[in-house]
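A.B. asks: Below are the structure tokens for one structure; questions will follow.
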Amino acid sequence: MTLAFHRPSSIADAAKLLAGAEDGKFLAGGMTLLPTMRQRLADPSDLVDLSSLPGLAMIERTGDGLVIGALTRHADVAGSEVVKAAVPALAALAGRIGDPQVRYRGTIGGSIANNDPAADYPAALLALDATVVTDRREIAADDFFLGTFETALETDEIVTAVRFPIPLAASYEKLRSPASRYALVGVFVARFADGVRVAVTGAGPCVFRSADIEEALASAFEPSALDRISIDASELNSDLHADADYRAHMIMVLTKRAVAAAIAGH
Amino acid sequence: MTAIGIGQAPKRKEDVRFLTGRGRYVSDIKLHNMAAAFFVRSPHAHAKIGAIDSSAALEAEGVVAVFTGADLEAAKVGGLPVGWGITGSDGEPMKEPFYPVLAVGKVRHVGDPVAVVVAETPEQAQAAADLVMVDYEPLTPVVSMLDALKPEAPLVHEDVPQNLCCDWAMGDEAAVEEARQKAAHIARIELVNNRLIGNPMEPRAAIAEYDRARDHYTLYTTSQFPHVVRFLMGGLVLNIPQHKLRVVAPDVGGGFGVKQFHYAEEAALTFIAGKLCRPVKWVSERSEGFVSDRQGRDHVTEAELMLDENGKFLGLWVSTLANMGGYLSTFGPNIPTNLYAPLLSGVYKLPAIFCNVKVVFTNTLPVDAYRGAGRPEATFVLERLVDVAAIETGIDKIEIRRRNMISKEEYPYQTPVVVEYDSGDPMACLDKAIEVADIAGFEARRTEAARRGKYRGLGLSTYVEACGLAPSRLAGQMGARGGLYESATVRVHPTSHVSVMIGTHNHGQGHETTFAQIVSEQLGVPFEDIDIVFGDTDRVQFGMGTYGSRSLVVGGAALSKAGDKVIVKGRKIAAHLLEASFEDIAFEKGEFKVAGTDRAKTFAEIAGAAYVPHDYPLETLEPGLEEQAYYDPINFTYPGGAHFCEVEIDPDSGEIELCAYTAVDDVGTIINPMIVEGQLHGGIVQGIGQALFEHGIYDEETGQLMSGSFMDYCMPRADNLPSITISPQVTACAHTPMGVKGCGECGTIGSPAAVINAVVDALKPLGITHVDMPATPNRLWAIIRNAQSTSIAAE
Amino acid sequence: MKVSFTLNAKPVTVDVDPATRLADLLREDMDLTGTHIGCDTSQCGACLVLLDGESVKSCTLLVASLEGRGVTTVEGLADPDGGLHPMQTAFRENHGLQCGFCTPGMLISAVDFANRNPDPTETELRHWLEGNICRCTGYQNIVKSIMAGTAAMHQRA
């Protein structure tokens, strides 16, 4: 069966094409979908190419936040003076995704819609209390990332942008798999006037927040505030590169580093 | 247009074609009417094969044919041969089970090929492969060697009891027992030498074609030794006469041993090309390579080093389990035995050595030579053990090595494990390394690191290796089933341009440059006027190929001998033309001269005369100027050296940084220092890869390869590594024509122990004496945590 | 489907199956076999090409998405008259290649890096190269080559 390739001219058109396809997939940067197809782990009937849709590759500072269009590439976020000024930790995170060639193609919308449990962006969205804007609604990050490769998106729903509040301070620290370069553990710490949000990626089946850590940091935003906290390893991933105990330990190590860096960077 | 000779570093002849994208690798080749093959491979580590139903696949779009093991069996296709047999200490030859080209009856590892689908395009072949229905009856796999040897273990081969291929030994057990009785201290270690997957960047590939008109086969293959493939495949597997089979290995993208074997895919494709009378191509995907390339290392070892009260070594006892995987590969059984035990003396005076190796079958990929092949494993055992002895006796690690090292004056040195080192100066290597690595400044660096909360460690490894494979008679006594000489032809054209046909194979080592330098120096011919031809059995006389750091040592020697013959013939021609006696003709700087006069003929004039023999001694001398030589070495060569490594470990996270690496290697005479340095860089980084990153891990229950892609098998990358300091130390080899010793494997042999010794040194405050490879952050963190909790419990 | 783009400075129009990856088009149909395929997980970097000046993995790029774009392969780096690109010269001068298989991808990555980083540090370069795997060189002479090639491209000797 020949793959059908569509280049829709509008977002509405794209959603319609996907809804009408037997087993359609949206194609953004293709950094996950194309390798998956190559390994014959996916065999879609239709690809709906979003990459030339107008207006979705943009970065904009608004009054109280930062808006990044869904098709904005990691390289563009990493290099953006606007992002660096508003949320430098976000630019730094984008600059450490994958490798340079992945960063030229991969997009923020593609990354979060895929919701790989070891991807970096989900940690940023969750810790920064971002809002995912789609072609039909807005979804809070807390409600967006549901499970392993699972999000709140409908099959034909298209992410158009992500809206980030500006934190007082933030930092992202990760321990990378030396082979795949994905996060074995990644911790994003964001401090706001009304509290601290901490999101962990790579360690569990899906990005998650840690209430214990957030509470401790809310009372004192310093590494030593975390000395008495430990993470339960029983729910965490174990694989060739890191067992659950190590991941649990590294969550705390990286959180402390992130807090120290957030303090230093502010 | 000048001669460029030995010791210079001209830019490589081969570079321009690679830099411009014009290399010609097997996968780049397209033949008219070429079909594509895809191998159906076992998803099980161990299973009985029931019926294979190809009917749906045969009906799929584009499919030309499907072949199974039964088809090959019916055609009386032979098994994949072993090129080197070993004999057990009980005098019994090793168990050598049949290794079918396509599995018959049983599959014995994940990836074992059971069928081949041939179609018009690779995509069609791959899609149809899904339709080949193989009825597997899964069996319990044996994955670990310890399990494989248990009495109740399932059998990989029904006719190999306890999965034991061979119980092999070398050395004097009684002498070691005596040393044990006398010893003031015995250092002991148990260690694992981790399974590695070589992963040359070019995946394997093959194209076979059959010319019905001439009844002639051609195989293009990613091989380090096309003649040996022709010999083994034609002679023993497919029964194709040697003169009816051409094997071509064009540009090959790295080998490291992985491409040094005769593989099932080569034989299957050649067979199929003959059956279909059309060319067939197969290109391995990387993930397929992980489950079809031969793998390396995989030992479990216990060892003891006996010392007297002064720290002098009295004896060494080694007991190793060596994994063969599911079948015996071309050189599989030779690697952990004959290329391992003879290296256990290292650069030390070790009066008594005994080594027992149990060679074991498991349901994993076959294991064979990977860069270093046996010698890194031996060096790792010895150099780790010396460090343990140093820690336990309180003697400094450098001092304990000095006390036991063979001094320059003691060469040639006969070890108790067969080999006699012809030359070397390990003390000089060590002294130089101490200076270059600024060992005097290490304690200050350690203190500074401690202030940053990091554990810094210094590791040292000395090593010797036996390479330049190999003296054929000795190899034959050790079980080799072929010779290990090398061949070269120097063809001087009428214009005095030179083509060299050599039996080695260049796949990154720069032979086209190094060998041209040798000829340029010897014959005085401009470097640009020399071409090196290799990798084609129709263009090159029989040769044994490239492995075991042999190309320059053995092939270069053959080349230099052939060059000598050219000079002798040139002198005869010159004697005629210059009306002088042969004895009076000297050849120097590209000219044949009558000694003591200014009468001379240039090399070009002599070449011209040889091909236009109007004024020529035709009664006594044939026209033409082309000479061939075979060279069989009289001994192995013994490069060696001393490597220092410094690491820093973050005790909170186990994260490790390689801070510095210094290597002083004695590879004998250096022809091209630029190329030698490159070889050392690459070798050292492969050894660092073993020590810190790489691990072929199988699931103990299922036998599935867990690290089966670059997502999980960690190849070293640029940002994992420091800049390495290389500083040569030259002792000429006593028996090779140019004094060369070989340099391809040195780095890989010296580096794993240097890195792990540094890791252990960093963790010394915790009382740790060994860390298994790869020393990953997770592993280091667990070791640190356990040591800390143990010390807390002890308080 | 028909796709028009620029390949090594020449306009081309190809008619491809929409699932065709650029690497396969180059190797199988355009006779540009300098672009290599070294893995199937988009990690080794042997297949890199420049897409409008940016280094991207041609094994993970559909020809269908190239409409109007510009692609440069390793074959397009040297002058049409055969003069090597300064980065190619630097690799040759510094022994930045052995078997040659990763070399095209390394060169493409290097040219992109050098264009963006006129005066890099070795550490920056080593991080940049995380998308390129080499098994032969230990990277040392590749790093040396790219530092030299970068200087040459920006006309510093």
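Protein chains in written order, with my numbering: chain U, 1 to 266; chain H, 267 to 1061; chain F, 1062 to 1218. Even for Gly, the Cβ is constructed at its ideal location relative to N, Cα and C. Since this is a predicted model, take the numbers as computed values, not measurements.
Does DSSP put Gly890/H in a helix, a strand or coil?
C.D. replies: Note: Gly890/H maps to coil in three-state DSSP.
A.B. asks: So, is the C-beta of Gly30/U closer than 8 Å to a C-beta in chain F?
C.D. replies: Yes, its Cβ sits closer than 8 Å to a Cβ of chain F.
A.B. asks: Tell me whether Asn1023/H is buried or exposed, calling it buried when 16 or more other Cβ atoms sit within 10 Å of its Cβ.
C.D. replies: Burial call: buried.
A.B. asks: Can you say whether Phe305/H is buried or exposed, counting buried as having 16 or more other CB atoms within 10 angstroms of its CB?
C.D. replies: Result: buried.
A.B. asks: Can you tell me whether Val878/H is buried or exposed, with buried defined as 16 or more other CB within 10 angstroms of its CB?
C.D. replies: Counting Cβ neighbours within 10 Å, Val878/H comes out exposed, since fewer than 16 surround it.
A.B. asks: Is Gly1161/F closer than 8 Å to Phe284/H when the C-beta atoms are compared?
C.D. replies: Yes.
A.B. asks: My understanding is that Ile990/H touches Ala929/H, with C-beta atoms under 8 Å, so please give their C-beta distance in whole angstroms.
C.D. replies: That pair is a contact at about 7 Å.
A.B. asks: Counting only Cβ-Cβ distances shorter than 7 Å, please list the residues of the stretch 978–1011 of chain H near chain F, keeping chain order.
C.D. replies: If the cut-off is 7 Å between Cβ atoms, the stretch 978–1011 of chain H has Met981, Arg983, Ala984, Asp985, Leu987, Ser989, Ile990 near chain F.
A.B. asks: Thinking C-beta only, is Ala699/H closer than 8 Å to Ala908/H?
C.D. replies: The answer is yes: Cβ separation under 8 Å.
A.B. asks: Using DSSP's beta-bridge definition, name the partner residues of Ile139/U.
C.D. replies: Note: Ile139/U sits in a beta bridge opposite Val132/U.
A.B. asks: When the Cα atoms are used, what is the spatial distance from Leu1220/F to Cys1105/F?
C.D. replies: Nothing about residue 1220/F can be read from this structure; chain F reaches only from 1062 to 1218.
A.B. asks: Using a C-beta cutoff of 8 Å, does Pro117/U count as contacting chain H?
C.D. replies: By this cut-off, Pro117/U is not an interface position.
A.B. asks: Residues of chain U with CB closer than 7 Å to the CB of Asn1044/H, please, in chain order.
C.D. replies: Here the neighbours are His241, Ala242, Asp243, Tyr246.
A.B. asks: Which value, in whole angstroms, describes the spacing of the CA atoms of Glu157/U and Thr1150/F?
C.D. replies: Answer to the nearest angstrom: the Cα atoms are 50 Å apart.
A.B. asks: Counting only Cβ-Cβ distances shorter than 8 Å, please list the residues of the stretch 909–928 of chain H near chain U, keeping chain order.
C.D. replies: If the cut-off is 8 Å between Cβ atoms, the stretch 909–928 of chain H has Asp918, Ser919, Gly920, Glu921 near chain U.
A.B. asks: Identify every run of the beta strand (DSSP E) within the stretch 1086–1116 of chain F, keeping only runs that are complete inside it and at least 3 residues long; order them along the chain.
C.D. replies: Complete beta strand (DSSP E) runs here, min 3: 1109–1112.
A.B. asks: At the level of alpha carbons, what is the spacing between Ile796/H and Asn299/H?
C.D. replies: Distance between the alpha carbons of Ile796/H and Asn299/H: 36 Å.
A.B. asks: Within the 8 Å Cβ cut-off, does Phe627/H reach chain U?
C.D. replies: Phe627/H does not count as touching chain U.
A.B. asks: Compare the C-alpha of Ala302/H against each of Glu443/H, Glu531/H, Lys277/H and name the closest.
C.D. replies: Per the Cα distances, Glu531/H.
A.B. asks: Examine the Cβ distances between the stretch 736–756 of chain H and the stretch 662–675 of chain H and report whether three or more of them are shorter than 8 Å.
C.D. replies: With a cut-off of 8 Å, the stretch 662–675 of chain H and the stretch 736–756 of chain H do not count as touching, because too few Cβ pairs lie within range.
A.B. asks: Between which two residues does the alpha helix (DSSP H) carrying Val652/H extend?
C.D. replies: Residues 641–659.
A.B. asks: Does any residue of chain U have a CB that is nearer than 8 Å to the CB of Val1075/F?
C.D. replies: Chain U contact via Cβ: absent.
A.B. asks: Quick check: the Cα distance between Val1204/F and Gly1157/F, rounded to an integer number of angstroms?
C.D. replies: Looking at the two C-alpha atoms, the distance is approximately 8 Å.
A.B. asks: Could you run through the stretch 84–108 of chain U and flag, in chain order, every residue whose CB is less than 8 Å away from some CB of chain F?
C.D. replies: Hits within the stretch, in order: Gly98, Asp99, Pro100, Gln101, Val102, Tyr104, Arg105.
A.B. asks: Am I right that Leu240/U and Ile963/H are in contact with their C-beta atoms under 8 Å? What's the rounded C-beta distance?
C.D. replies: That belief holds up - the Cβ atoms of Leu240/U and Ile963/H are roughly 6 Å apart, short of 8 Å.
A.B. asks: Measure how close the beta-carbons of Pro599/H and Cys733/H come, nearest whole angstrom, since I'm counting them as under 8 Å.
C.D. replies: Actually they do not touch by this definition, with Cβ atoms about 19 Å apart.
A.B. asks: Unbroken alpha helix (DSSP H) runs of length 4 or more, entirely within the stretch 1139–1201 of chain F: which are they?
C.D. replies: As far as the stretch 1139–1201 of chain F is concerned, its whole alpha helix (DSSP H) runs of at least 4 residues are 1147–1154, 1164–1177, 1183–1189.
A.B. asks: Going by the CB atoms, is the gap between Pro905/H and Gly1008/H shorter than 8 Å?
C.D. replies: Yes; because the gap between Cβ atoms is below 8 Å, this pair is in contact.
A.B. asks: Using a threshold of 8 Å, state whether the C-beta atoms of Lys372/H and Thr779/H are closer than that.
C.D. replies: No, the Cβ-Cβ distance between Lys372/H and Thr779/H is not below 8 Å.
A.B. asks: Among Arg105/U, Leu18/U, Gly98/U, Val207/U, which has the Cα closest to the Cα of Glu150/U?
C.D. replies: Out of Arg105/U, Leu18/U, Gly98/U, Val207/U, Val207/U has the C-alpha closest to the C-alpha of Glu150/U.
A.B. asks: Quick one, which of Asp99/U, Ala86/U, Asp23/U has its alpha-carbon nearest Arg73/U's?
C.D. replies: Nearest option by C-alpha distance: Asp99/U.
A.B. asks: Quick check: the Cα distance between Ala261/U and Tyr486/H, rounded to an integer number of angstroms?
C.D. replies: C-alpha separation (whole angstroms): 56 Å.
A.B. asks: Can you name the residues of chain F whose CB is closer than 7 Å to the CB of Pro35/U?
C.D. replies: Correct list: Thr1102, Ser1103, Thr1121.
A.B. asks: For Gly725/H, return the contacting residues in chain F, with the cut-off set at a CB-CB distance below 9 Å.
C.D. replies: Here the premise fails: no neighbours, minimum Cβ distance about 18 Å.
A.B. asks: Do Val409/H and Pro420/H count as a contact pair if the criterion is CB distance below 8 Å?
C.D. replies: Result no, Cβ atoms of Pro420/H and Val409/H do not sit closer than 8 Å.
A.B. asks: Taking 8 Å as the CB-CB limit, is Asp1078/F close to chain U?
C.D. replies: Closer than 8 Å: yes.
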